[in-house]
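Notes follow the structure.
2 protein chains.
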Amino acid sequence: MRVEEGIAVLKENGHKYTDKRADILSYFIHAKGYRSAKALLAFMETSYKGISLDTIYRNLRLFEQLELLESREKNGEKLFKIACKSGSHHHHFICESCGLTKPLQKCPLPVYTDELTDYHINTHAFELYGLCPTCHNR
Amino acid sequence: MRVEEGIAVLKENGHKYTDKRADILSYFIHAKGYRSAKALLAFMETSYKGISLDTIYRNLRLFEQLELLESREKNGEKLFKIACKSGSHHHHFICESCGLTKPLQKCPLPVYTDELTDYHINTHAFELYGLCPTCHNR
DNA sequence: CTATTCTATCGTAATCATTTCGATTTGTAA
DNA sequence: TTACAAATCGAAATGATTACGATAGAATAG
Numbered sequence: 001m002r003v004e005e006g007i008a009v010l011k012e013n014g015h016k017y018t019d020k021r022a023d024i025l026s027y028f029i030h031a032k033g034y035r036s037a038k039a040l041l042a043f044m045e046t047s048y049k050g051i052s053l054d055t056i057y058r059n060l061r062l063f064e065q066l067e068l069l070e071s072r073e074k075n076g077e078k079l080f081k082i083a084c085k086s087g088s089h090h091h092h093f094i095c096e097s098c099g100l101t102k103p104l105q106k107c108p109l110p111v112y113t114d115e116l117t118d119y120h121i122n123t124h125a126f127e128l129y130g131l132c133p134t135c136h137n138r
Numbered sequence: 001m002r003v004e005e006g007i008a009v010l011k012e013n014g015h016k017y018t019d020k021r022a023d024i025l026s027y028f029i030h031a032k033g034y035r036s037a038k039a040l041l042a043f044m045e046t047s048y049k050g051i052s053l054d055t056i057y058r059n060l061r062l063f064e065q066l067e068l069l070e071s072r073e074k075n076g077e078k079l080f081k082i083a084c085k086s087g088s089h090h091h092h093f094i095c096e097s098c099g100l101t102k103p104l105q106k107c108p109l110p111v112y113t114d115e116l117t118d119y120h121i122n123t124h125a126f127e128l129y130g131l132c133p134t135c136h137n138r
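Right, dumping it as structure tokens:
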């Protein structure tokens, strides 16, 4: 995704352009993995000293709502990454060292349909954790 | 699991018996699903008015550490359930209405070993969410 | 049974992530 | 350029969880 695409989505939904928002998008686009609100704050403070927590959290919530960001929870904090624009449903391998995420081709759901005939499946969560080739060879 | 088994584990690890601990174990043994610290507190207050938050959280942490309880995170809070003593690795279907958990027979991991030959898989998370037969028919 | 010694609990304060709020600033459409 | 809604600031509030000094209680040896 490019920053301009994200800004376009903002405008389509009646939100305004700000440099801060562009920089937040840019941060996650280049991160290619999950990042915490705290990490984003640290990054933003280098360009905008005194930036408010309100701005950080409000925009993270907004971007997630607009499906520009995706989140997961770990150790009591929310982690965010740029959303996968690939319309199709998929899961990820997540590198525990650098945070890189690799989309997986298959979904494990079909394996369980026959095992749960009386159950009504709404959603599912599946993620693999480990080391990417780069981090593993270091 | 029976309460006495949990108490035995406590003692083996140098911890003491208390009625509160027995009741906490009993609560989770009969719950058969995930429960929040707040729900446990509400339950415990019926028997012990003025019980301290310290007691609730300290014991939840202790029980998880001793692998008597397992936890997952949702909406910024930790949820606990009694640990599955079945030594073998497995996943769960979780009822979003009553919290019931049903162990699944298969693990989806084998599906991905060929897709990630250069990656080093450490752990994985897989859970199905929906409605159990009882809640679905209501 | 009693003394001793840790551990557990209480009551409360502190911490951490996140959310909220009134006042002020800023983007943007007319 | 003006007007107005939206965005940001600075700071306080919230909610879950953790920590702490003082007291109570469980377990063990004598």
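Going line by line, the protein sequences match chains A and B. With full-length UniProt numbering, letter number 89 in the first sequence gets 89, and the count goes up by one each step, no holes. With full-length UniProt numbering, letter number 74 in the second sequence gets 74, and the count goes up by one each step, no holes. Even for Gly, the Cβ is constructed at its ideal location relative to N, Cα and C. Keep in mind the model is a prediction, meaning the values are calculated, not measured.
- If you draw a straight line from the alpha carbon of D23 (chain A) to that of V9 (chain A), how long is it in whole angstroms? The residue you call residue 23 (chain A) lines up with position 23 of the first sequence. The residue you call residue 9 (chain A) lines up with position 9 of the first sequence. Distance between the alpha carbons of D23 (chain A) and V9 (chain A): 15 Å.
* How would you list, in chain order, the residues of chain B whose beta-carbon sits under 7 Å from the beta-carbon of residue 142 (chain A)? -> Residue numbering for chain A in the displayed model covers 1 to 138; residue 142 (chain A) lies beyond these limits and cannot be assessed.
Check each residue of the region 115-133 of chain B: if its Cβ is closer than 8 Å to any Cβ of chain A, include it; give the result in chain order. E115, L116, D118, Y119, H120, I121, N122, T123, H124, A125, F126, E127, L128, Y129, G130, L131, C132, P133
Please list the partners that V111 (chain A) has in chain B, where partner means a Cβ-to-Cβ separation under 8 Å.
As a first step, residue 111 (chain A) must be located in the first sequence, where it is residue number 111. What V111 (chain A) touches in chain B: K106, P108, V111.
* Residue of B:F126, B:C135, B:H124 minimising C-alpha distance to A118 (chain A) -> As a position in the first sequence, residue 118 (chain A) is number 118, starting the count at 1. Checking the displayed sequence, the identity of residue 118 (chain A) turns out to be Asp instead of Ala. Among B:F126, B:C135, B:H124, the Cα nearest to that of D118 (chain A) belongs to B:C135.
I94 (chain A) versus L131 (chain A) - alpha carbon distance: For the purposes of this step, residue 94 (chain A) is taken as the residue at position 94 of the first sequence. For the purposes of this step, residue 131 (chain A) is taken as the residue at position 131 of the first sequence. One C-alpha to the other measures close to 8 Å.
task: Anything in chain A within Cβ reach of E96 (chain B), meaning under 7 Å, just list it in chain order.
output: Taking the second sequence and counting its residues from 1, the one referred to as residue 96 (chain B) is at position 96. Under the 7 Å cutoff, chain A gives N122.
Practice problem: Measuring alpha carbon to alpha carbon, tell me which of B:I82, B:E96, B:I121, B:L116 ends up nearest R61 (chain B). | Solution: Translated into positions along the second sequence, residue 61 (chain B) becomes position 61. Cα-wise, what sits closest to R61 (chain B) is B:I82.
Taking one C-beta from the region 103-115 of chain A and one from the region 68-76 of chain A each time, how about it: are there three or more such pairs within less than 8 Å?
no
| said: Do Y129 (chain A) and E96 (chain A) count as a contact pair if the criterion is CB distance below 8 Å? | reply: Locating residue 96 (chain A) in the first sequence gives position 96, where the first residue counts as 1. Locating residue 129 (chain A) in the first sequence gives position 129, where the first residue counts as 1. Yes.
- chain B beta carbons: is any one of them nearer than 8 Å to that of H92 (chain A)? For the purposes of this step, residue 92 (chain A) is identified with residue 92 of the first sequence, where counting begins at 1. So no, H92 (chain A) is outside the interface.
| said: Quick check on DSSP: helix, strand or coil for T123 (chain A)? | reply: By 1-based counting over the first sequence, the position of residue 123 (chain A) is 123. Three-state DSSP puts T123 (chain A) in a strand.
Practice prompt. Report yes or no: is there a C-beta of chain A within less than 8 Å of the C-beta of E70 (chain B)?
Written response: Taking the first residue of the second sequence as position 1, residue 70 (chain B) is located at position 70. No, its Cβ sits nowhere closer than 8 Å to a Cβ of chain A.
> Between M44 (chain A) and K20 (chain A), which are expected to be in contact by the criterion C-beta below 8 Å, what is the C-beta distance as a whole number of angstroms?
Replying inline: By 1-based counting over the first sequence, the position of residue 44 (chain A) is 44. By 1-based counting over the first sequence, the position of residue 20 (chain A) is 20. Contact holds; Cβ gap of about 7 Å.
If we count the other Cβ atoms within 10 Å of its Cβ and call it buried at 16 or more, is G50 (chain A) buried or exposed? Indexing the first sequence from 1 puts residue 50 (chain A) at position 50. G50 (chain A) should be labelled exposed.
Tell me, to the nearest whole angstrom, how far the beta carbon of L79 (chain A) is from that of Y34 (chain A); I am working on the premise that it is less than 8 Å. To locate residue 79 (chain A), count along the first sequence from 1; it is residue 79. To locate residue 34 (chain A), count along the first sequence from 1; it is residue 34. Between Y34 (chain A) and L79 (chain A) the Cβ distance is about 4 Å, and since that is below 8 Å, they are a contact.
Next on the checklist: Can you tell me where the beta strand (DSSP E) holding C135 (chain B) begins and where it ends?
Outcome noted: Counting from 1 along the second sequence, the entry for residue 135 (chain B) is found at position 135. Looking at the DSSP string, C135 (chain B) is not in any beta strand (DSSP E); the run it does join, the alpha helix (DSSP H), is 133-136.
**Q.** Minimum C-alpha distance to G99 (chain B) - residue among B:E115, B:K74, B:K85
**A.** For the purposes of this step, residue 99 (chain B) is taken as the residue at position 99 of the second sequence. That would be B:K74, whose Cα lies nearest to the Cα of G99 (chain B).
By how many angstroms is the C-alpha of G14 (chain A) removed from the C-alpha of Y57 (chain A)? Within the first sequence, the letter at position 57 stands for residue 57 (chain A). Within the first sequence, the letter at position 14 stands for residue 14 (chain A). Cα to Cα, Y57 (chain A) sits roughly 19 Å from G14 (chain A).
Straight-line CA distance for K32 (chain B) to T101 (chain B)?
The sequence position of residue 32 (chain B) within the second sequence is 32, counting from 1. The sequence position of residue 101 (chain B) within the second sequence is 101, counting from 1. Spanning the two alpha carbons is a distance of roughly 7 Å.
| query | So is H136 (chain B) in contact with chain A if we call contact Cβ pairs under 8 Å? | reply | Taking the second sequence and counting its residues from 1, the one referred to as residue 136 (chain B) is at position 136. Yes, H136 (chain B) counts as interfacial toward chain A.
Who does R35 (chain A) pair with in a DSSP beta bridge? Taking the first residue of the first sequence as 1, we reach residue 35 (chain A) at position 35. Paired residues: A:F80.
| Cβ neighbour criterion (16 or more within 10 Å) applied to L25 (chain A) | As a working mapping, residue 25 (chain A) is identified with position 25 in the first sequence. L25 (chain A) should be labelled buried.
Quiz item: So, helix, strand or coil for P110 (chain A), using DSSP?
Solution: Position 110 of the first sequence, counting from 1, holds the residue named residue 110 (chain A). Looking at P110 (chain A) - three-state DSSP - the assignment turns out to be helix.
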